[in-house]
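Residue numbers (the working numbering): 328 to 583.
C-beta atoms are modelled at their ideal positions from N, C-alpha and C, and glycine is treated no differently.
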């Protein structure tokens, strides 16, 4: 149903793969399809976890297709950024865990989408960067805000000011990615990790995401208030009693 993204669900894991030859560069259609595909996986009850990936082992994404920006109007740029920010919010604060599986070159908007995921798995030969400064622009998928929160101000400025690519080892060192795996094994590794995550109670996973996504941008006291609210809501859900009974009776839980 999509031309530039591919989606499938395997054992509770919903894969959203960028699929626009040759380098997964985003034009307007691909951006809109990514948003629609992500919403589709959010609504799909069989997809307990969402993975951002690519059909191309050499390119996670080359960022925006610059032909899209040739002679673009200020109104169209505003609409582009509005869409990007809406997608960033969905990725960050949706109820389902989101994992990024990065292979090959990951720059610009594609990398920015991965910054909003819960964890980033990188192939050992991946190259990552934010080259927008080289066209006198900024990362528009809430990239500046996500990057500084992930790696800190100093490392974020180095990446954004230089516009240069870094390898997976450097990305791991500064906290831009969480794990590195061989390129031929990374998708299988991510699938196993996500299948394990999919066995957790979905309402608790959603509550954890809300606490971190919303509480992390507030004061400590406000974050504790959110945590207290989520704890009370969870305690009223059948999954809480099921989890306790399963633990005490040493049996697997049956989540609803």
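Identity of the residues DSSP links to residue i by a beta bridge
| i | result |
| --- | --- |
| residue 507 | 449 |
| residue 454 | 432, 494 |
| residue 359 | Paired residues: none, contrary to the question. |
| residue 337 | 340 |
| residue 420 | BP columns for residue 420 are empty, so no partner. |
| residue 380 | 344 |
| residue 332 | 345 |
Residue i versus the options, residue with shortest Cα-Cα distance
| i | options | result |
| --- | --- | --- |
| residue 343 | 438, 379, 350 | 379 |
| residue 520 | 339, 333, 332, 328 | 339 |
| residue 463 | 478, 489, 368 | 489 |
| residue 458 | 452, 486, 481, 475 | 486 |
| residue 427 | 441, 420, 419, 551 | 441 |
| residue 419 | 544, 510, 349 | 544 |
| residue 512 | 365, 394, 452 | 452 |
| residue 349 | 337, 384, 363 | 384 |
| residue 421 | 555, 538, 549, 556 | 538 |
Collapsed DSSP secondary structure at residue i in the structure displayed
| i | result |
| --- | --- |
| residue 349 | coil |
| residue 481 | helix |
| residue 465 | coil |
| residue 389 | coil |
| residue 444 | coil |
| residue 374 | coil |
| residue 525 | coil |
| residue 426 | strand |
| residue 543 | coil |
| residue 400 | coil |
| residue 583 | coil |
| residue 536 | helix |
| residue 354 | coil |
CB-CB length for residue i against residue j, believed under 8 Å
| i | j | result |
| --- | --- | --- |
| residue 346 | residue 332 | 6 Å |
| residue 482 | residue 501 | 5 Å |
| residue 492 | residue 454 | 4 Å |
Q. Taking one C-beta from the region 520 to 538 and one from the region 566 to 582 each time, how about it: are there three or more such pairs within less than 8 Å?
A. yes
_Contact between the region 359 to 374 and the region 444 to 462 is defined here as three or more beta-carbon pairs at a separation below 8 Å; is this criterion met?_
no
Next on the checklist: Taking contact to mean 3 or more Cβ pairs, one atom from each stretch, closer than 8 Å, check whether the region 427 to 437 and the region 372 to 389 are in contact.
Outcome noted: yes
- Query: Does the count of Cβ pairs from the region 364 to 383 and the region 395 to 409 closer than 8 Å reach three?
  - Reply: no
**Asked** Counting Cβ pairs, one atom from each stretch, are 3 or more of them under 8 Å apart for the region 491 to 500 and the region 509 to 525?
**Response** no
Check: Between the region 414 to 431 and the region 460 to 477, are three or more C-beta pairs nearer than 8 Å?
Finding: yes
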